[in-house]
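Engineer: My questions all concern the structure below.
Structure, rendered in structure tokens:
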């Protein structure tokens, strides 16, 4: 046999092996988790199961949510589209719910249409049902959120049922933990973070597979953006207990995957929906509200397992990654008569080698959390600089219900009222009232304190103008209805259907890109 023929035969064998590989996906999504645990150098919070997963994963050091709110973030994970493009502007459940646009093609819908069996166990918090149709669904729509989101034994049994089904199709399983979300607003009897739920104390119930871990408030690691006071330390200690329950849940789910015989053919991804529920965290688009844990483990791409990637990734990259794993193209369709083209990228190539370019910018978009918290923001962030646009900047930033009653926020509120030191790096007035534009050198100013948009140096001005143009370009690509706000109105129908145009409102708000056609 000639060398050329041998090469052709070898190539065919490789391709046959590649396409005959069984492939499945497991997504593990935490609720309001941050960089707690050994994976991200917090040795005070014990997370042995996440540490073990990290040893088999590529660990992303620069991962970000694209919106710092639960339902909008989950909609991004499951569509690959920012919230302003997919329509999930705020929290879905409750009286004031928001809905994804009917035309959106979500990940579970695309996968189902391509012969992939889909399942969800735990927190869903997105809708409508016909946009997010899972073949197997055990969520807060069918059970108590505490059971399907925090009772890891109950969740394990539901996962076992999915994995043991007599179905030969490849699968996509999405597990939404409710830990370490606060619960003092809805279930105060279980503690601020439901850290007592299932701990075997009188009236708390029993989660058989959970061994509660308790933490000394004096030894917790206080995040740089939270005030270092006894009230905050006590809450962080409680949060750590629920992080430990989450961690043990991750271990349970991975053991179920192994039990089913699919540990060696399943892509596993772990992340969280948004920043932690402390001051300057969740609902904010400062890094403290955007930075997320992100682990990606592939049984077929192991050359970088245990390594750390410096590339900048976002939740919009999850849908393209899953579709790439299954070799499924993104469908062609429109939303509100506008073509949809995801701006995220598959992360699978990064599992083989660290890119030298092209992964150095992420974008973020936020409109609301609770219905009363209208504070739209747009963000572009690269490795050194970050530009934030606060569209509702003349109004105070809102505080959500469960955080308001927390001991840590009440601590800041009471200290401010009594004019005592807050031990925080901001004042409440600074937190509530923000300028229209905020530009930070995050490389040299990680606290995001020195707003360069207020400075007139040539360097700052050049960065400011360039990043504003990047932001406008992204808003155009993602059909952002707020692209002209707050200084103008968008006309994109009738005579302006083919030439969408921003018109000035003469409302004293200056936005440089409002010079006409977009």
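Residue numbers (the numbering used here): 7 to 524. Even for Gly, the Cβ is constructed at its ideal location relative to N, Cα and C.
Identify which residue in 216, 101, 457, 35 has its Cα closest to the Cα of residue 129.
Structural biologist: The residue given as residue 129 occupies position 123 in the chain shown. Selected option, being the one with the closest Cα: 35.
Engineer: Check this for me: beta carbons of residue 497 and residue 246, under 8 Å apart or not?
Structural biologist: Position 491 of the chain shown holds residue 497. Position 240 of the chain shown holds residue 246. No.
Engineer: Here's a check: name, in chain order, each residue in its chain whose Cβ is nearer than 8 Å to the Cβ of residue 250, leaving out the five neighbours to either side.
Structural biologist: Translated into the one-based positions of the chain shown, residue 250 becomes position 244. Excluding positions up to five away in sequence, the list reads 51, 52, 53, 218, 219.
Engineer: Could you pull the start and end residues of the alpha helix (DSSP H) that residue 211 belongs to?
Structural biologist: Counted from its first residue, the chain shown places residue 211 at position 205. Element bounds for residue 211: n/a, residue is neither H nor E.
Engineer: Classify residue 392 as helix, strand or coil using the three-state DSSP reduction.
Structural biologist: Numbered from its first residue, the chain shown carries residue 392 at position 386. Strand.
Engineer: Pair every Cβ in the segment 388-396 with every Cβ in the segment 333-343, then say whether three or more of these pairs are closer than 8 Å.
Structural biologist: No: fewer than three Cβ pairs fall under 8 Å.
Engineer: What separation, rounded to the nearest whole angstrom, lies between the Cα atoms of residue 24 and residue 500?
Structural biologist: Against the chain shown, residue 24 aligns to sequence position 18. Against the chain shown, residue 500 aligns to sequence position 494. Here residue 24 scores only 42 on pLDDT, less than 50, and its place in the model is too uncertain to base an answer on.
Engineer: So, are the CB atoms of residue 127 and residue 328 less than 8 Å apart?
Structural biologist: Taking the chain shown and counting its residues from 1, one reaches residue 127 at position 121. Taking the chain shown and counting its residues from 1, one reaches residue 328 at position 322. No, these two residues do not count as a Cβ contact at 8 Å.
Engineer: Taking the DSSP output, what are the residues bridged to residue 371?
Structural biologist: Reading the chain shown from its first residue, position 365 is the one you call residue 371. In the DSSP output, where bridge partners are listed per residue, residue 371 has 384.
Engineer: At 4 residues or longer, what runs of the alpha helix (DSSP H) sit wholly inside the segment 256-317?
Structural biologist: Whole alpha helix (DSSP H) segments, 4+ residues: 293-296.
Engineer: Is it right to say residue 20 is buried, meaning 16 or more other beta carbons lie within 10 angstroms of its own, or is it exposed?
Structural biologist: Position 14 of the chain shown, counted from the start, is the residue given in the question as residue 20. With a pLDDT of 38 at residue 20, under the threshold of 50, the modelled position of this residue cannot be trusted; read the value that follows with caution. Exposed, because fewer than 16 other Cβ atoms sit within 10 Å of the Cβ of residue 20.
Engineer: Quick one: complete alpha helix (DSSP H) runs, 4+ long, within the segment 24-61?
Structural biologist: With a minimum length of 4 residues, the continuous alpha helix (DSSP H) runs that stay inside the segment 24-61 are 54-61.
Engineer: Based on the DSSP secondary-structure assignment, which residues constitute the bridge partners of residue 123?
Structural biologist: Start at 1 with the first residue of the chain shown, and residue 123 comes out as number 117. Paired residues: 177.
Engineer: Can you tell me which of the three DSSP states residue 497 falls into?
Structural biologist: By one-based count along the chain shown, residue 497 stands at place 491. The answer is strand: DSSP assigns residue 497 an E or B state.
Engineer: Going by C-alpha to C-alpha distance, which of 481, 257, 359 sits closest to residue 58?
Structural biologist: As a position in the chain shown, residue 58 is number 52, starting the count at 1. The candidate whose alpha carbon is nearest that of residue 58 is 257.
Engineer: Put residue 76 into one of helix, strand or coil per three-state DSSP.
Structural biologist: Here residue 76 refers to the residue found at position 70 when the chain shown is read from its first residue. Helix.
Engineer: So, using beta-carbon positions, are residue 73 and residue 89 closer together than 8 Å?
Structural biologist: On the chain shown, residue 73 is found 67 positions in, with the first residue counted as 1. On the chain shown, residue 89 is found 83 positions in, with the first residue counted as 1. A contact, by the Cβ cut-off of 8 Å.
Engineer: Return helix, strand or coil for residue 171, following the three-state DSSP convention.
Structural biologist: Taking the first residue of the chain shown as 1, we reach residue 171 at position 165. Residue 171: coil per DSSP, three-state reduction.
Engineer: Give the single residue among 94, 123, 201 whose Cα lies nearest to the Cα of residue 188.
Structural biologist: In the chain shown, residue 188 corresponds to position 182, counting from 1. It is 201.
Engineer: Just verifying my parser: in three-state terms, what is the DSSP assignment at residue 520?
Structural biologist: Your numbering for residue 520 matches position 514 in the chain shown. Per-residue confidence for residue 520 stands at a pLDDT of 44, beneath the threshold of 50, marking its modelled position as unreliable; the derived number appears in the next sentence. Residue 520 falls in the coil class under three-state DSSP.
Engineer: Name the two residues that bound the continuous alpha helix (DSSP H) containing residue 325.
Structural biologist: Here residue 325 is taken as the residue at index 319 of the chain shown, counted from 1. That run of the alpha helix (DSSP H) goes 324-331.
Engineer: Is the beta carbon of residue 69 closer than 8 Å to that of residue 319?
Structural biologist: Stepping through the chain shown from its first residue, residue 319 is reached at position 313. Stepping through the chain shown from its first residue, residue 69 is reached at position 63. Going by C-beta atoms, residue 319 is nearer than 8 Å to residue 69.
Engineer: On the DSSP letters alone, give me the boundaries of the alpha helix (DSSP H) that residue 480 sits inside.
Structural biologist: Here residue 480 corresponds to residue number 474 of the chain shown, with the count starting at 1. Counting along the chain, the alpha helix (DSSP H) containing residue 480 begins and ends at 464-483.
Engineer: Looking at the strands, I want to know which residues DSSP matches up with residue 344.
Structural biologist: The count along the chain shown starts at 1 and reaches residue 344 at position 338. Answer by DSSP bridge pairing, in chain order: 341.
Engineer: When the distance is taken between beta carbons, is residue 466 closer than 8 Å to residue 458?
Structural biologist: In the chain shown, residue 458 corresponds to position 452, counting from 1. In the chain shown, residue 466 corresponds to position 460, counting from 1. Yes. Within cutoff.
Engineer: Which residue wins for smallest C-alpha separation from residue 306, given the options 278, 354, 280?
Structural biologist: Counting from 1 along the chain shown, the entry for residue 306 is found at position 300. Ranking the options by Cα distance to residue 306, first place goes to 354.
Engineer: So is residue 114 buried or exposed if we call it buried at 16+ other beta carbons inside 10 Å?
Structural biologist: Within the chain shown, the letter at position 108 stands for residue 114. It counts as buried.
Engineer: For the 8 Å Cβ check, are there 3 or more pairs between the segment 149-162 and the segment 109-124?
Structural biologist: No, the segment 149-162 does not touch the segment 109-124.
Engineer: Nearest CA to the CA of residue 369: which residue from 86, 48, 65?
Structural biologist: Here residue 369 corresponds to residue number 363 of the chain shown, with the count starting at 1. Among 86, 48, 65, the Cα nearest to that of residue 369 is on 86.
Engineer: With distances taken between CB atoms, is the gap from residue 234 to residue 55 smaller than 8 Å?
Structural biologist: On the chain shown, position 228 is the one that residue 234 refers to. On the chain shown, position 49 is the one that residue 55 refers to. Not closer than 8 Å, so no.
Engineer: Would you grab the beta carbon distance between residue 383 and residue 375 for me? Rounded to a whole angstrom, and I think it's under 8 Å.
Structural biologist: The count along the chain shown starts at 1 and reaches residue 383 at position 377. The count along the chain shown starts at 1 and reaches residue 375 at position 369. Incorrect: roughly 11 Å between the Cβ atoms, too far for contact.
Engineer: List in chain order: all unbroken alpha helix (DSSP H) runs of 4+ residues lying wholly within the segment 90-122.
Structural biologist: With a minimum length of 4 residues, the continuous alpha helix (DSSP H) runs that stay inside the segment 90-122 are 113-119.
Engineer: Buried or exposed: where does residue 280 fall if 16 or more other Cβ atoms within 10 Å of its Cβ makes it buried?
Structural biologist: To locate residue 280, count along the chain shown from 1; it is residue 274. By the 10 Å Cβ count, residue 280 comes out buried.
Engineer: Looking only at DSSP bridge pairs, what is residue 182 linked to?
Structural biologist: Numbered from its first residue, the chain shown carries residue 182 at position 176. Partner(s): 35, 128.
Engineer: At the level of alpha carbons, what is the spacing between residue 178 and residue 172?
Structural biologist: Residue 178 sits at position 172 when you count from the first residue of the chain shown. Residue 172 sits at position 166 when you count from the first residue of the chain shown. Straight-line Cα distance between these residues: approximately 15 Å.
Engineer: Rounding to the nearest angstrom, what Cα-Cα distance links residue 121 and residue 332 in this structure?
Structural biologist: Here residue 121 is taken as the residue at index 115 of the chain shown, counted from 1. Here residue 332 is taken as the residue at index 326 of the chain shown, counted from 1. Whole-angstrom Cα-Cα distance: 10 Å.
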